[in-house]
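Chain order of the listed sequences is C, D and S. Going by our numbering, the first residue of the first sequence is number 37, and it counts up by one from there. Going by our numbering, the first residue of the second sequence is number 53, and it counts up by one from there. Going by our numbering, the first residue of the third sequence is number 500, and it counts up by one from there. Notes follow once the structure below has been shown.
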Amino acid sequence: MLEQIKNVLVNAIHVDADLIKPEAKLKEDLDIDSLSAVELALELETSFDIRIEDEELLKLITVQDVVDIVERKKA
Amino acid sequence: MDTKQLETILALFEKSTVSEMELESETFKLKLKRNTEIHEVPVKPTIAQAPQPTTVVDTAHWVKAPLVGTYYHSANPDAKPYVEVGQSVKEGQVICLIEAMKVMNEIKADRSGVVQEIKAINGKMVEYNQALVRIGDAP
Amino acid sequence: MIQKILIANRGEIAVRIIRACKDLGIQTVAIYSTADQSALHVQLADEAVCVGEANSKDSYLNVNNILSAALLTHADAIHPGFGFLAENASFARLAQACGLIFIGPNPEIIDLMGNKINARIAMHKAGVPLIPGSFEAIPSLEEGLKTAQEIGYPIILKAAAGGGGRGIRIILDEVAFRQAYPVLKQEAKNYFNDDALYMEKLFTSAKHIEVQILGDQFGNVIHLYERDCSFQRRHQKMIEEAPCHLLNETQRKALCEDALKAAKAVGYDSVGTIEFLMDENFNYYFMEMNTRIQVEHPVTEMITGVDIVKEQIRSADKQKLSYQQNDIKILGHALECRIIAEDYRHDFKPSIGKISFYHAPGGKDIRVDSALYTNYELSPFYDSMMAKIISFGPSRLHAIKRMRSALEETIIEGVENNLEFCYFTLFNPQFVAGRYTTDFANAWIKELNERESTLS
Chain C
37 MLEQIKNVLV NAIHVDADLI KPEAKLKEDL DIDSLSAVEL ALELETSFDI
87 RIEDEELLKL ITVQDVVDIV ERKKA
Chain D
53 MDTKQLETIL ALFEKSTVSE MELESETFKL KLKRNTEIHE VPVKPTIAQA
103 PQPTTVVDTA HWVKAPLVGT YYHSANPDAK PYVEVGQSVK EGQVICLIEA
153 MKVMNEIKAD RSGVVQEIKA INGKMVEYNQ ALVRIGDAP
Chain S
500 MIQKILIANR GEIAVRIIRA CKDLGIQTVA IYSTADQSAL HVQLADEAVC
550 VGEANSKDSY LNVNNILSAA LLTHADAIHP GFGFLAENAS FARLAQACGL
600 IFIGPNPEII DLMGNKINAR IAMHKAGVPL IPGSFEAIPS LEEGLKTAQE
650 IGYPIILKAA AGGGGRGIRI ILDEVAFRQA YPVLKQEAKN YFNDDALYME
700 KLFTSAKHIE VQILGDQFGN VIHLYERDCS FQRRHQKMIE EAPCHLLNET
750 QRKALCEDAL KAAKAVGYDS VGTIEFLMDE NFNYYFMEMN TRIQVEHPVT
800 EMITGVDIVK EQIRSADKQK LSYQQNDIKI LGHALECRII AEDYRHDFKP
850 SIGKISFYHA PGGKDIRVDS ALYTNYELSP FYDSMMAKII SFGPSRLHAI
900 KRMRSALEET IIEGVENNLE FCYFTLFNPQ FVAGRYTTDF ANAWIKELNE
950 RESTLS
């Protein structure tokens, strides 16, 4: 799943692939501002056919959080 | 530029094969184009207010189609055409018919004068605003 | 076999229809008003006939001149496009009486769907969920007040013969109802010479979803999935998308099947669109059916690969649909921005004048439907839409990003326009998230103007 999330971050949000590690912080390390976060959520919704509510999006701090939420929603 | 000069230029242009000619001086600009009306474009003089040239305003006037339909120059195929070139007409006189949706519409001359030209073709479609018959001043 | 079509329209839709005809090897006849002498559709058509003065009622609504033009140029069919005579049943009947094919559904359906009350009754019978509201013309003010009480304010009062955002009043309470009722009755009489009014529950914030329908004259009817047209300013659509990002597969299936049920119930035999309102719990309600090709049809063409105008012509030409339902797949996501000669800073007051310079965007997955060209004179007689810019992508985010760069590249000088407004919207998180509803655009315009006034 990390690989798939990495794909989305690189292709859709143009994050540098080398920076992407489970513990990397979206805002501080990957420079994902509030708009890019919404764009990330949008792309994840399309790629995995899931819904990410606004409040859930706010709680996503690290890449691992993203992996967890997608796995939870896909389960 | 008085009318005599205008006529000589016109004669020259008539004889020449030039299809379009433009002549310009400080007081006026003349543009001649083959088989269309002569455009005389008065240029606003920039310096002193020179007297406007008295031009021969051609009061010839096209009667235009008020609707889309088929143009007929006569009441019916065997009848004589309503008007012919050279014939004088009075305002309100029927000069042709336009058939639209099976209804025959009489088209009337909207001024008196002499028929100088008939451009529309009998039995052919005419579009809205298409020039049909030109009526000018009596010679 | 249709070999020549007269297009009773102008602007970008006339150009779009001419292109479909060229694809099908069909001759085209354009009509134009004296103000549209140098319009693009006149230049592209094989023949062109002037049908009247600039004012629409003398030209693009001049039934006699249009029918004469069609008959005298030996056209086999008339394509009405949208607006103008597109949903005028008597025009359709007159055309047919003259032996011309009217490219659209049969006139009875136009009549049925043209009257919003009859449409509601027909849909109710077909078991399609309806917006709570009245099933017959409101007989009197008092009766109206009683019904409004049952449905519960706020309600929306509408002219039965209305459409296109006209003849509508939002009513918040009884006092407002007493005031608006007589005024709207008069307005409906003036605009549609039919003063029948009906009412519906008002959804203050809902999604406006419509399903594209394709039918032929052999009883085949399919859908081309849905469009999200919720980004509207005062009931006028401005940005449309396909599909609706919020719907999952089961919700989409249910919605499209209900749309098909509605279309089959009336024996729909052409291109049409069924409009629904959807609340936050994904309950959807029938609103109205449009018996014409719509402005926003390109987004559906981009995600399905179907040329809807071509199918419309084939269907009118008594040919079978070239697609079965399972041939239709959603290939990605598409967005359309309607570029209009209005600017949000001046309350979208239409501006006219000469287009001193026009550059259209392009590239893979960018489509521009327009009749604009440099030095074109935008006239005040017709609506202010100048171009439709459409982007496609494998996902909604891709389509949005492509539209951003397309808008960046677009240049329209000489008249005010909403390019900048559309561009800002594509960076608005609420829009990007895809959950915006029909009240979003008006609030966003207010916010932009306030933010700007504090800056300047």
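We put the beta carbon where it would ideally sit given N, CA and C, even for glycine.
Do residue i and residue j have their C-beta atoms within less than 9 angstroms of each other?
{"i": "GLN731 of chain S", "j": "VAL770 of chain S", "result": "no"}
{"i": "ALA741 of chain S", "j": "ARG751 of chain S", "result": "no"}
{"i": "VAL146 of chain D", "j": "VAL167 of chain D", "result": "no"}
{"i": "VAL805 of chain S", "j": "ILE792 of chain S", "result": "no"}
{"i": "LEU947 of chain S", "j": "LEU925 of chain S", "result": "no"}
{"i": "LEU745 of chain S", "j": "LYS700 of chain S", "result": "no"}
{"i": "GLN100 of chain C", "j": "GLU59 of chain C", "result": "yes"}
{"i": "LEU889 of chain S", "j": "VAL798 of chain S", "result": "The sequence given here places Ile at residue 889 of chain S; Leu does not occur at that position. Result yes, Cβ atoms of ILE889 of chain S and VAL798 of chain S sit closer than 9 angstroms."}
{"i": "ILE506 of chain S", "j": "HIS623 of chain S", "result": "no"}
{"i": "LEU177 of chain D", "j": "VAL120 of chain D", "result": "Before going on, a small fix: residue 177 of chain D reads as Met here, not Leu. Going by C-beta atoms, MET177 of chain D is nearer than 9 angstroms to VAL120 of chain D."}
{"i": "VAL115 of chain D", "j": "ARG186 of chain D", "result": "yes"}
{"i": "ASP768 of chain S", "j": "PRO604 of chain S", "result": "yes"}
{"i": "ALA886 of chain S", "j": "ASP868 of chain S", "result": "yes"}
Return the chain-ordered list of same chain residues with a C-beta closer than 8 angstroms to the C-beta of residue i, the five sequence neighbours on each side being excluded.
{"i": "ILE802 of chain S", "result": "TYR724, ALA741, PRO742, ILE829, LEU830, GLY831, HIS832, ALA833 and PHE891"}
{"i": "ASP694 of chain S", "result": "ALA658, LYS684, GLN685, ALA687 and LYS688"}
{"i": "ILE88 of chain C", "result": "ALA77, LEU80, GLU81, ILE105 and LYS109"}
{"i": "THR533 of chain S", "result": "CYS549, GLY551, GLU552, ALA553 and SER558"}
{"i": "VAL44 of chain C", "result": "LEU76, GLU79, LEU80 and SER83"}
{"i": "GLU107 of chain C", "result": "MET37"}
{"i": "VAL103 of chain C", "result": "MET37, LEU38, ILE41 and PRO58"}
{"i": "ILE630 of chain S", "result": "GLU699, LYS700, PHE702, LEU776, TYR784, PHE785 and MET786"}
{"i": "ILE827 of chain S", "result": "ILE721, HIS722, LEU723, TYR724, THR803 and VAL805"}
List, in order along the chain, the chain C residues whose C-beta lies closer than 8 angstroms to that of residue i?
{"i": "ILE651 of chain S", "result": "Correcting the residue type first, residue 651 of chain S is Gly in the shown sequence and not Ile. Going along chain C, no residue has its Cβ under 8 angstroms from GLY651 of chain S, so there is no contact; the nearest lies around 29 angstroms."}
{"i": "LEU896 of chain S", "result": "ALA48, GLU75, LEU78, GLU79 and THR82"}
Name, please, each residue of chain S whose Cβ falls closer than 8 angstroms to the Cβ of residue i.
{"i": "ASN181 of chain D", "result": "THR533 and CYS549"}
{"i": "LEU130 of chain C", "result": "Limits of chain C in this structure are 37 at one end and 111 at the other, which puts residue 130 of chain C out of reach."}
{"i": "VAL102 of chain C", "result": "None at all; the shortest Cβ gap to chain S is about 15 angstroms."}
{"i": "LEU121 of chain D", "result": "Here the sequence assigns Gly to residue 121 of chain D, which means Leu is not the residue at that position. Under the 8 angstroms cutoff, chain S gives SER567 and LEU571."}
{"i": "MET156 of chain D", "result": "Neighbours of MET156 of chain D on chain S: none; closest Cβ ~13 angstroms, over 8 angstroms."}
Please work out which residues of its chain come closer than 6 angstroms, Cβ to Cβ, to residue i, disregarding the five sequence neighbours upstream and downstream, and give them in chain order.
{"i": "GLU908 of chain S", "result": "PRO860"}
{"i": "ILE105 of chain C", "result": "none"}
{"i": "GLN101 of chain D", "result": "At GLN101 of chain D the pLDDT is 45, less than 50, meaning the model places this residue with poor confidence and gives no usable figure here."}
{"i": "SER883 of chain S", "result": "ILE839, ALA840, GLU841 and PRO849"}
{"i": "SER855 of chain S", "result": "GLU912 and GLY913"}
{"i": "GLN735 of chain S", "result": "GLY664"}
{"i": "LYS171 of chain D", "result": "ALA183"}
{"i": "ASP545 of chain S", "result": "GLN526 and THR527"}
{"i": "GLY144 of chain D", "result": "LYS160"}
{"i": "PRO957 of chain S", "result": "The question about residue 957 of chain S has no answer here: the residues shown for chain S are numbered 500 through 955."}
List, in chain order, every chain S residue whose beta-carbon is nearer than 7 angstroms to that of residue i.
{"i": "MET153 of chain D", "result": "ASN563, LEU566 and SER567"}
With a threshold of 7 angstroms on Cβ separation, who are the neighbours of residue i within its own chain once the five nearest residues in sequence on each side are excluded?
{"i": "ALA758 of chain S", "result": "VAL710, ILE712, HIS722 and ILE773"}
{"i": "ASN614 of chain S", "result": "ALA659 and ALA660"}
{"i": "ASN174 of chain D", "result": "TYR123, TYR124 and HIS125"}
{"i": "VAL627 of chain S", "result": "ASP757, LYS760, ALA761 and PHE785"}
{"i": "PHE590 of chain S", "result": "VAL562 and LEU584"}
{"i": "ALA53 of chain C", "result": "LYS42 and VAL46"}
{"i": "TYR697 of chain S", "result": "LYS615, ILE616, GLY632, SER633, ALA636, ILE637, LYS657 and ALA659"}
{"i": "ARG592 of chain S", "result": "PRO606"}
{"i": "ARG518 of chain S", "result": "none"}
Give the residues of chain S in contact with residue i, contact being defined as C-beta atoms less than 9 angstroms apart.
{"i": "ASP85 of chain C", "result": "ASN747 and GLU748"}
My parser needs the alpha helix (DSSP H) runs of 4 or more residues fully inside the segment 606-652 of chain S; what are they?
606-613, 615-624 and 640-650
List in chain order: all unbroken alpha helix (DSSP H) runs of 4+ residues lying wholly within the segment 897-944 of chain S.
918-924 and 928-932
Could you tell me whether the segment 512-525 of chain S touches the segment 533-546 of chain S, using the rule of 3 or more Cβ pairs below 8 angstroms?
Yes: at least three Cβ pairs fall under 8 angstroms.
Does the segment 604-622 of chain S come close enough to the segment 833-842 of chain S to have 3 or more Cβ pairs within less than 8 angstroms?
The segment 604-622 of chain S is not in contact with the segment 833-842 of chain S.
Is it the case that the segment 516-529 of chain S contacts the segment 802-817 of chain S, given that we only count it when at least three CB pairs across the two stretches are under 8 angstroms?
yes
Could you name each continuous alpha helix (DSSP H) segment of 4 residues or more that falls completely within the segment 789-856 of chain S, going from the start of the chain to the end?
For the segment 789-856 of chain S, whole alpha helix (DSSP H) runs of length 4 or above, ordered along the chain, are 796-803 and 807-815.
Which complete beta strand (DSSP E) runs does the segment 749-788 of chain S hold, if anything under 3 residues is left out?
770-777, all fully within the segment 749-788 of chain S.
Contact between the segment 68-85 of chain C and the segment 920-934 of chain S: three or more CB pairs below 8 angstroms?
In short, these stretches touch, since the Cβ pair count reaches three.
Pick out the complete alpha helix (DSSP H) segments inside the segment 142-170 of chain D, 4 residues or longer, and give them in chain order.
none
Are at least three pairs of beta-carbons, each pair with one atom in the segment 773-783 of chain S and one in the segment 634-642 of chain S, less than 8 angstroms apart?
no
Uninterrupted beta strand (DSSP E) stretches inside the segment 690-754 of chain S (no shorter than 3 residues):
Listed in chain order, the complete beta strand (DSSP E) runs (minimum 3 residues) inside the segment 690-754 of chain S are 696-700, 706-714, 720-732 and 735-741.
Segments assigned beta strand (DSSP E), at least 3 residues, entirely inside the segment 545-592 of chain S:
546-551 and 576-578
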